[in-house]
Structures are given as C-alpha cells and as structure tokens.
Amino acid sequence: QRDQFGSVLDSLGEGVFVTDNNGKITYENDSILTILQISSSVKKNIKDLNIKALQNMFENVDKDGRFDYEFQIELKNGDIKWILGSMNRAKTTNEYILVVHDVTQLRENASMRRDFISNLSHELRTPVSVIFANAETLLDGAIDNKKDAKVFSKAIMHNAERISGLVSDLIDLSRIDYGELHLDLKELDVCEIIDIVNRSHYTSAKNKSIEIKFDKCNCPHVLGDKAAIERILTNLLDNAIKYTKANNGGEVNITTKVIEDSIEISVKDSGTGISDADKDFIFNRFYRTPEARASQKSGSGLGLAIVKNLTISLGGKYGVRNRNKKNGSVFWFSLPLYSK
Ligand code: ADP
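Next comes the structure, spelled out in structure tokens:
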C-alpha cells in the first residue's frame, strides 16, 4: 500500500516532502526535486536546503497547524520561478507535509492579462477622446459652419476607423487563440497571392513614391489558406510602406526562396530598420518601437502579432532581420510546400 501510495505521489504534478518533528526529510516525490531544482534530500534537514521560504514555513506551521506561502526561487539560468507552498502538521503522526505547486505560468498569465487590459485601454483612450472632443465642438456650434463641420466630422470618422481596425484585429487574434479561425487549406500559387496584395498597395506606395518590386518566380505551390496568406502579406506590406520615408526613392522588394520543404517569402524595405533590442518584442501584442510611438504614425502594435499567429497556424515560421549594409529591414515568413 505504501509503495502504491508512493507511486501515486510520484506521478503528481505537485511536489511533496514529508519531514519529522525536527524538520528531517523522510519522504520526497520526484516532482519536488524538479520544481525546486534540487537533488535528492531525504535525511537532510529542511533548513539545510538553502531555501529560506521553506525554513520560514516550517518555523511558522505550528501556530495554526497549516501555513501557505507564495515565494520565488532563482534558477541556475537566472530565471525566476514562482512556487506556492502549503505545509501541514499531521495530527496523528506529528509529521509535517509540504506540498508545492509551480505557479510561474499562472502568474505570467495573470500579468499578461493585466498588461493586455492596460495596453488596450491606452490604445483606445486617444481615439475615444478625440471623438469626444470633436463631437463636443460640433455640438457647441461648429455644426453650423459647413467647413468646420466637415473638418470635425472627418476627425471623428478617422478615429472611429482606428477603433474599428483595432477591434477587428483583436477579434481576429482571439479567434486564432481560441482555435476558432477556420483555415481552408488548399494547394495555392503563392506568387498569385503576392500579385494580388501588391496591386492593392499600389496607390499607398505611389503616394509616397515607393516602388514595389516582385520578380515573378516560378515557385512551387504551397499548402495554405488564401485569406490568411493575404492577411500576412498585407500586414507586412502595410508596414514596409508605413515605415519607409516618402519621396526618398523608397523601395520594397518581395522575394521567394525554396528552403527544403517550405518556401520563404521576404518583404525587404528601405525604411527605418529595427534595432536589435526591439527585434525580440515586435511580434508581441501591442508592442511598438519607441521611434514608431514618437513618430505619431498610426498603428496599434497588433499587425505583427497577427502575422506571427497566422504563420504558426499555417505550419510556418516567421522572423525579421536588418538589411546588410543598407537601411531597412527584411520581414520573412515561410509556408509548407504542397505535396501530393
Ligand atoms: P503597428 O500597427 O504599430 O505598425 P505592428 O505590429 O505591425 O504594429 O508592428 C509593431 C512595431 O514594429 C511597429 O510599431 C514598428 O515600430 C515596428 N515595425 C514593424 N514593421 C516595421 C518595418 N517594416 N520597419 C520598421 N519598423 C517596423
């Protein structure tokens, strides 16, 4: 029975220690060694483990017969792990039972939720207050002057569009997160899709005198979803144009390259480029580089998060690098080749 009980405890995700009245460890399961990243500790005293929080729990448990405590430990690689420990004194045997849970992921999720809400409110605050102020000005009399009325109404419309774009990006991201996005996977000619997306960016590029170049290739077909690939390319091309100076001989080059059983599509621009410090973050939701924020360019920081999530859903990879010797950056994503 004891063996059976031991193997049940070993297969638990929670870590368990049992100590005697003096704190000497008499039982440990496998999980506690993994969670606390220590070697076998049976026969050692809990005080000798060099984890102050455990010692603290042991010293305080006698007051109420139970002591719960959340603490952090630093791992060998410098990462922090959050542990929720619960120590009980068994009335019959006078032994102490410690159960620990790794709550790092839970804490990270909670902090992501907090960041998400704070980012979202931040992004909504500006357009909402602009709409409010412009509507107020209209009602205060500007509505009677045709010219003014047009200016203020346009500002309302522009900001309502911003909110609408933000909300639809968020809906798309949550659909991907919850696996509700239905992907219609088919054999597709990726060059055709690139052509379609290029055409739809013709005017916005021309307005900034930016040339979009795409050497039509004879590339093999991919397995993918047309709408998702169009969305990825649209977001990358929108950015390539947005972050390239107007009337400065700007250029966007799109290339494709077969790498093993996938095809890599790169969008090269001659824009501001991305600093090394920002590269790790730009695919995160709401992340915008300090330069992008300072430049007042419209944007929510959700475009690349959609690129990342859609590419992963399609079974591909994504990334960014700066251009060799030239200004600008290269955003790329890959898609699996179609195989019969
Ligand atoms: P945004 O709506 O702000 O453009 P994205 O998620 O598309 O959001 O991009 C995140 C950030 O990455 C941008 O705010 C910008 O700072 C940076 N970025 C994206 N694409 C480029 C690019 N082609 N050149 C320079 N910076 C870029």
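452 is the number of the first residue of the sequence shown in our numbering; add one for each residue after it.
Glycine included, C-beta positions come from ideal geometry on N, C-alpha and C.
Where the beta strand (DSSP E) containing residue i begins and where it ends
i, result
"I663", "662 to 665"
"N704", "702 to 710"
"K719", "713 to 720"
"K637", "637 to 639"
Spatial distance of residue i from residue j (CA atoms)
i, j, result
"N669", "V709", "11 Å"
"E702", "I607", "33 Å"
"I548", "M538", "6 Å"
"I680", "S790", "18 Å"
"N773", "T723", "10 Å"
"A728", "R682", "27 Å"
"G536", "D566", "26 Å"
"K659", "V618", "27 Å"
"L632", "I757", "12 Å"
"E612", "G750", "12 Å"
"K503", "T695", "54 Å"
"G630", "N496", "48 Å"
"V512", "N473", "12 Å"
"V771", "L487", "36 Å"
"F509", "N735", "41 Å"
"V551", "E465", "6 Å"
"R453", "L460", "10 Å"
"R626", "R564", "17 Å"
"I524", "S462", "23 Å"
"V781", "T654", "22 Å"
"K693", "S746", "11 Å"
"K498", "D731", "40 Å"
"L500", "Q556", "24 Å"
"A584", "S572", "18 Å"
"I531", "S764", "30 Å"
"S492", "K542", "24 Å"
"K657", "I647", "16 Å"
"E587", "D640", "51 Å"
"R540", "F518", "9 Å"
The alpha helix (DSSP H) enclosing residue i, as first and last residue numbers
i, result
"Y653", "653 to 658"
"H609", "597 to 628"
"F583", "555 to 590"
"F456", "453 to 461"
"T470", "Not the alpha helix (DSSP H): T470 falls in the beta strand (DSSP E), residues 466 to 470."
"T685", "677 to 693"
"S482", "481 to 487"
"K498", "K498 -> no alpha helix (DSSP H), and no H or E assigned at all."
"K730", "727 to 730"
Pair within 8 Å by beta-carbon distance, residue i and residue j
i, j, result
"D553", "I534", "yes"
"F784", "I733", "no"
"K664", "N690", "no"
"L788", "V673", "yes"
"I483", "V467", "yes"
"S713", "N778", "no"
"G767", "L753", "no"
"L688", "H652", "yes"
"D676", "L636", "yes"
"E574", "F456", "no"
"L589", "I645", "no"
"I476", "T470", "yes"
"P578", "I614", "yes"
"K520", "N507", "Rather than Lys, the amino acid found at residue 520 in this sequence is Tyr. Yes, Cβ-Cβ distance for Y520 and N507 is below 8 Å."
"N560", "V581", "no"
Coil, strand or helix - residue i by DSSP
i, result
"R517", "strand"
"P671", "coil"
"F522", "strand"
"I537", "In the sequence under discussion, the amino acid at residue 537 is Ser, which differs from the Ile named in the question. Strand, per DSSP."
"K475", "strand"
"L788", "strand"
"N735", "coil"
"V493", "coil"
"K532", "strand"
"L634", "coil"
Below-8 Å beta-carbon distance, residue i vs any chain D residue
i, result
"I486", "Among the chains in the structure shown there is no chain D, since it carries only a single protein chain."
- What runs of the beta strand (DSSP E), each 3 residues or longer, lie entirely inside the segment 744 to 784? 769 to 773
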